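Asker: I am attaching a structure below and will ask some questions about it afterwards.
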Amino acid sequence: MATTIAQKQFNRSSPRKKNYTQTVSIAVGSLMILIGLAGFLYPEFMGLHLSVMHSFVLSGGGAVAIWAATSNDSKKAYYTDLALGIFFALNAIAGFALGEPGMPGVGYEGRDLLLVRYAPGFIELGTVDHIVHTFISIFFFTGAFSWKRRHMNTKSSQNIRA
-15 MATTIAQKQF NRSSPRKKNY TQTVSIAVGS LMILIGLAGF LYPEFMGLHL SVMHSFVLSG
45 GGAVAIWAAT SNDSKKAYYT DLALGIFFAL NAIAGFALGE PGMPGVGYEG RDLLLVRYAP
105 GFIELGTVDH IVHTFISIFF FTGAFSWKRR HMNTKSSQNI RA
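Reminder that position 6 of the sequence shown reads as -10 in the numbering used here, one-by-one numbering, no gaps.
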């Protein structure tokens, strides 16, 4: 009897297999951290406008995504993916809608057609930034909606059995 109880406790605390949502969070979060760290050393990395603040936001968002994905609660990864997807989608939409031609003060210093200056000289985003933010949001939304679809399918199959 004692072995069974100890075995159940071990199973509760052991890490579970990661689902697609958690895997996406870890992969995209790692990529965001790498881009953010590269931005601290090379602000013009990949044609981006990586100021210290932009690099910090990317690295912090990536760290939050990895933290949520490595917990044993897949619902936490779902909400984190959804929140980060919305954040980066709004940044991308604002960039494409409100961007105007200009010369940036940070990062890649070539003329940009869709430059948005949230704080001039501090955080400025250009066309490449908007494209990267679009892809980041797509990946996070894919992870979030994958969890939601799986959760809804599980609920409906439980209702059919009942």
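Note that the Cβ used here is the ideal one computed from N, Cα and C, for glycine as well. A quick note: this is a predicted structure, and the numbers were derived from the prediction, not measured.
Can you confirm whether the region 66 to 86 touches the region 21 to 34 when touching is taken to mean that 3 or more C-beta pairs between the two stretches lie within less than 8 Å?
Answerer: At 8 Å Cβ cutoff, the stretches do not touch.
Asker: Please classify Asn56 as buried or exposed, where buried requires at least 16 other C-beta atoms within 10 Å of its C-beta.
Answerer: Start at 1 with the first residue of the sequence shown, and residue 56 comes out as number 72. With fewer than 16 Cβ atoms within 10 Å of its Cβ, Asn56 is classed as exposed.
Asker: Could you compute how far the alpha carbon of Arg101 sits from the alpha carbon of Ile107?
Answerer: Within the sequence shown, the letter at position 117 stands for residue 101. Within the sequence shown, the letter at position 123 stands for residue 107. Looking at the two C-alpha atoms, the distance is approximately 6 Å.
Asker: Taking Phe80 as the reference, which of Pro88, Arg95, Leu109 and Gly91 has the closest Cα?
Answerer: As a working note, residue 80 is residue 96 in the sequence shown. That would be Leu109, whose Cα lies nearest to the Cα of Phe80.
Asker: Looking at the secondary structure, which residues open and close the alpha helix (DSSP H) in which Gly69 lies?
Answerer: Walking along the sequence shown from the start, residue 69 turns up at place 85. Per DSSP, Gly69 belongs to the alpha helix (DSSP H) from Ser58 to Leu82.
Asker: Would you report the Cα separation of Ile77 and Thr54, rounded to the nearest angstrom?
Answerer: For the purposes of this step, residue 77 is identified with residue 93 of the sequence shown, where counting begins at 1. For the purposes of this step, residue 54 is identified with residue 70 of the sequence shown, where counting begins at 1. When rounded, the distance between both Cα atoms is 30 Å.
Asker: Return yes when the Cβ of Asp96 is within less than 8 Å of the Cβ of Pro88, no when it is not.
Answerer: As a first step, residue 88 is located in the sequence shown; it is residue number 104 there, counting from the start. As a first step, residue 96 is located in the sequence shown; it is residue number 112 there, counting from the start. Yes, the Cβ-Cβ distance between Pro88 and Asp96 is below 8 Å.
Asker: If you count every other CB in all the chains shown that lies within 10 Å of the CB of Phe(-6), and 16 or more means buried, which is it?
Answerer: The sequence position of residue -6 within the sequence shown is 10, counting from 1. Note that Phe(-6) has pLDDT 48, beneath the 50 cutoff, so the model's placement of it is unreliable and no number is given.
Asker: Can you name the residues that DSSP bridges to Val100?
Answerer: Along the sequence shown, one-based indexing puts residue 100 at 116. BP columns for Val100 point to Leu109.
Asker: Are Gly34 and Gly23 touching if we call contact CB-CB under 8 Å?
Answerer: In the sequence shown, the residue the question calls residue 34 occupies position 50. In the sequence shown, the residue the question calls residue 23 occupies position 39. Position check: residue 34 holds Leu in this sequence, whereas Gly was assumed. Yes, Cβ-Cβ distance for Leu34 and Gly23 is below 8 Å.
Asker: In chain order, what residues of the same chain lie with their CB nearer than 6 Å to the CB of Ile10, ignoring the 5 residues before and after it?
Answerer: Stepping through the sequence shown from its first residue, residue 10 is reached at position 26. Ile50 and Ala53, listed in sequence order.
Asker: Should Phe119 be labelled buried (16 or more other beta-carbon atoms within 10 Å of its own) or exposed?
Answerer: Position 135 of the sequence shown holds residue 119. So Phe119 counts as exposed.
Asker: Check Gly127 in the structure and name its three-state DSSP category.
Answerer: In the sequence shown, the residue the question calls residue 127 occupies position 143. Looking at Gly127 - three-state DSSP - the assignment turns out to be helix.
Asker: With distances taken Cα to Cα, identify the nearest neighbour of Ala47 among Thr64, Met37 and Val36.
Answerer: On the sequence shown, residue 47 is found 63 positions in, with the first residue counted as 1. Ranking Thr64, Met37 and Val36 by Cα distance to Ala47 puts Thr64 first.
Asker: Would you tell me roughly how many angstroms separate the C-alpha atoms of Gly86 and Leu74, rounded to the nearest one?
Answerer: For the purposes of this step, residue 86 is taken as residue 102 along the sequence shown, with counting starting at 1. For the purposes of this step, residue 74 is taken as residue 90 along the sequence shown, with counting starting at 1. Cα to Cα, the separation comes out at about 21 Å.
Asker: Which whole-angstrom value describes the C-beta separation of Thr5 and Tyr62, a residue pair presumed to lie in contact below a C-beta threshold of 8 Å?
Answerer: As a working note, residue 5 is residue 21 in the sequence shown. As a working note, residue 62 is residue 78 in the sequence shown. About 6 Å; that satisfies the 8 Å criterion.
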